[in-house]
Amino acid sequence: MRLRDIRDTSVRGKRVLVRVDYNINVAGGRIRDLARIQSTVPTLRWLLAHGAGIVLVSHRGRPKGRDVRMTMRPMIRPLARAIGKKVTFFSQPIRSAALRQAIEQVRPGTLGLLENIRFDSGEERNSLVLARHLATLGDIFVNDAFADSHRGHASIVGVARLLPSFAGLLLQTEVKELTHLCGRVRRPYVAIIGGAKISTKLGVVKQLLRRTDYVLLGGALANTVLQAEGLAVGRSLTEPAMVKASAGLSVAQPRLKIPVDVIVSSGPGTIRACSVGQVGAKETIVDIGPDTVELFRRIIVKAKTIVWNGPMGRYEQPPYDRGTLAVARAIGRTPGRSIAGGGETLDAIHRSGQAPRFTFLSTGGGAMLEFLEGKILPGLRAVAQT
Numbered sequence: 034m035r036l037r038d039i040r041d042t043s044v045r046g047k048r049v050l051v052r053v054d055y056n057i058n059v060a061g062g063r064i065r066d067l068a069r070i071q072s073t074v075p076t077l078r079w080l081l082a083h084g085a086g087i088v089l090v091s092h093r094g095r096p097k098g099r100d101v102r103m104t105m106r107p108m109i110r111p112l113a114r115a116i117g118k119k120v121t122f123f124s125q126p127i128r129s130a131a132l133r134q135a136i137e138q139v140r141p142g143t144l145g146l147l148e149n150i151r152f153d154s155g156e157e158r159n160s161l162v163l164a165r166h167l168a169t170l171g172d173i174f175v176n177d178a179f180a181d182s183h184r185g186h187a188s189i190v191g192v193a194r195l196l197p198s199f200a201g202l203l204l205q206t207e208v209k210e211l212t213h214l215c216g217r218v219r220r221p222y223v224a225i226i227g228g229a230k231i232s233t234k235l236g237v238v239k240q241l242l243r244r245t246d247y248v249l250l251g252g253a254l255a256n257t258v259l260q261a262e263g264l265a266v267g268r269s270l271t272e273p274a275m276v277k278a279s280a281g282l283s284v285a286q287p288r289l290k291i292p293v294d295v296i297v298s299s300g301p302g303t304i305r306a307c308s309v310g311q312v313g314a315k316e317t318i319v320d321i322g323p324d325t326v327e328l329f330r331r332i333i334v335k336a337k338t339i340v341w342n343g344p345m346g347r348y349e350q351p352p353y354d355r356g357t358l359a360v361a362r363a364i365g366r367t368p369g370r371s372i373a374g375g376g377e378t379l380d381a382i383h384r385s386g387q388a389p390r391f392t393f394l395s396t397g398g399g400a401m402l403e404f405l406e407g408k409i410l411p412g413l414r415a416v417a418q419t
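Numbering (my numbering), first residue to last: 34 to 419.
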């Protein structure tokens with residue numbers, strides 16, 4: 034799929050509406066991870082250098098109406114530092130006349146950020162009325178939010194139908210890197226899939242099994258596969274509705290590697306390693322075990338191409354992060370091409386100190402998986418060449 038490149042049109046004197054993904058956690062008023070903001074800087078600097086004014090659109094969380102806890106305001110200071118310019122914050126409701134009047138402040142060489150687009154209930158419904166209001170705020174639309182491009186929302190696809198629409202630099206880079214994984218790659222090609230739900234990843238697992246040499250499964254989603262194999266998982270998180278769909282997956286696919294041992298806990302401070310199937314009725318699987326770490330490491334270090342999405346356990350709660358961090362370090366020591374995506378995965382990679390060793394860190398989680406599964410993302414279709 035070829036995208037319409039923003040660099041192929043004139044933006045001088047235009048007000049450009051840019052959809053970004055600043056869905057970033059804020060703790061105590063502080064932002065710990067600035068990667069999502071930094072990733073949009075090349076597009077923003079290009080637009081400013083070429084005489085555009087910028088209006089940024091993003092969401093945070095899943096608010097039900099206006100919720101001060103999910104305001105976009107905390108993004109202003111780090112964004113201003115990253116771009117080296119003042120950023121104006123527009124707190125007015127998207128559909129208000131007050132916003133349309135205030136937006137006149139955005140002139141060539143300046144930029145502003147709108148309030149959380151999901152404060153408007155029409156965003157997730159792809160409301161045409163909301164899209165029309167958004168379209169009044171700019172002359173051109175740019176999608177630079179790959180992480181949200183699998184969603185058919187008003188600020189992703191609705192407004193793109195109403196304005197001349199283009200792909201930003203980040204969006205193009207994401208598509209280029211992930212397209213490479215769908216073609217001819219250097220082998221061995223290894224995919225590592227973790228996280229909570231097999232229901233959201235079964236499709237991509239099956240697709241990757243056709244393309245790769247190995248698919249390594251970890252995290253809570255592997256619990257459902259273990260359960261489908263008739264192995265005890267105690268009180269571990271599973272998806273009972275997916276047991277049937279997962280049955281026989283590992284037996285039928287020798288290239289699919291599931292945990293051979295796990296770390297389990299029966300309460301605070303009580304953890305042990307055990308073989309799969311030896312999990313007690315009152316125990317919970319919290320991480321992959323040392324034998325699984327070694328199994329995965331031996332496969333990873335031989336790989337020439339690696340893609341990773343999803344942690345191996347409850348990485349956010351040390352010491353249950355050991356499996357995930359071990360995978361990150363193993364990939365970091367491998368000279369092959371390595372691409373990872375998903376908020377939790379990237380957080381773990383940064384914690385491990387291995388981020389500079391990865392070839393590319395995708396901002397997309399669900400979008401990355403759907404792309405690798407072969408689905409056409411609505412946000413990409415909206416800015417594709419016809």
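For each residue, glycine too, the CB sits at the ideal point set by N, CA and C.
When the distance is taken between beta carbons, is residue j closer than 8 Å to residue i?
i: Leu-163; j: Gly-171; result: no
i: Val-319; j: Ile-333; result: no
i: Ile-422; j: Pro-411; result: Only positions 34 to 419 of the chain appear in the structure, and residue 422 is not among them; the question remains open.
i: Thr-317; j: Gly-267; result: yes
i: Ala-85; j: Val-44; result: yes
i: Asp-177; j: Val-340; result: no
i: Ala-400; j: His-183; result: yes
i: Val-237; j: Glu-406; result: yes
i: Thr-396; j: Phe-179; result: yes
i: Gly-300; j: Ala-336; result: no
i: Ala-261; j: Ser-279; result: yes
i: Val-258; j: Ile-291; result: yes
i: Thr-167; j: Ala-135; result: Position check: residue 167 holds Leu in this sequence, whereas Thr was assumed. Not closer than 8 Å, so no.
i: Ile-364; j: Met-345; result: no
i: Arg-288; j: Leu-214; result: no
i: Thr-378; j: Asn-342; result: yes
i: Ile-173; j: Leu-195; result: no
i: Gly-310; j: Leu-264; result: yes
i: Val-229; j: Leu-282; result: Here the sequence assigns Ala to residue 229, which means Val is not the residue at that position. The answer is no: Cβ separation not under 8 Å.
i: Ile-225; j: Glu-272; result: no
i: Ala-131; j: Gln-138; result: no
i: Ala-417; j: Met-34; result: yes
i: Asp-181; j: Arg-220; result: no
i: Leu-402; j: Ala-373; result: no
What did DSSP end up calling residue i once you bin it into helix, strand or coil?
i: Ser-72; result: helix
i: Phe-329; result: helix
i: Arg-63; result: strand
i: Gly-343; result: coil
i: Val-416; result: coil
i: Asn-176; result: strand
i: Ile-116; result: helix
i: Ser-91; result: coil
i: Asp-41; result: helix
i: Gly-236; result: helix
i: Val-248; result: strand
i: Leu-147; result: strand
i: Thr-104; result: coil
i: Leu-17; result: Shown here, the chain extends from 34 to 419; a query on residue 17 therefore has no answer.
Could you tell me the boundaries of the beta strand (DSSP E) in which residue i lies?
i: Thr-121; result: 120-123
i: Ser-395; result: 393-395
i: Ala-224; result: 222-226
State the start and end residues of the unbroken alpha helix (DSSP H) segment that holds residue i.
i: Leu-270; result: Note, Leu-270: premise wrong, no alpha helix (DSSP H); not H, not E.
i: Gly-399; result: 399-406
i: Val-51; result: Premise fails: Val-51 lies in the beta strand (DSSP E), 48-52, not in any alpha helix (DSSP H).
i: Leu-167; result: 161-168
i: Gln-260; result: 253-261
i: Arg-133; result: 130-135
i: Phe-278; result: The sequence as given places Ala at residue 278; Phe does not occur at that position. Note, Ala-278: alpha helix (DSSP H), 276-279.
_Secondary structure, beta strand (DSSP E): runs of 3+ residues fully inside the stretch 188-220_ = 198-200
*Would you be able to state if there are at least three C-beta pairs under 8 Å between the stretch 293-304 and the stretch 342-361?*
yes
*asked:* Does the structure place the stretch 145-152 close enough to the stretch 110-124 that three or more beta carbon pairs sit under 8 Å?
replied: yes
*Inside the stretch 288-336 only - alpha helix (DSSP H) runs reaching at least 4 residues*: Taking only runs of at least 4 residues, the alpha helix (DSSP H) segments lying wholly in the stretch 288-336 are 323-333.
*Can you check the stretch 350-377 for any alpha helix (DSSP H) of at least 4 residues that lies completely inside it and give the ranges in chain order?*
355-365
_Contact the stretch 105-119 vs the stretch 52-68: 3+ CB pairs below 8 Å_ = yes
_Check whether the stretch 69-88 and the stretch 190-210 touch, using three or more Cβ-Cβ pairs below 8 Å as the test._
Cβ pair count under 8 Å is three or more, so yes.
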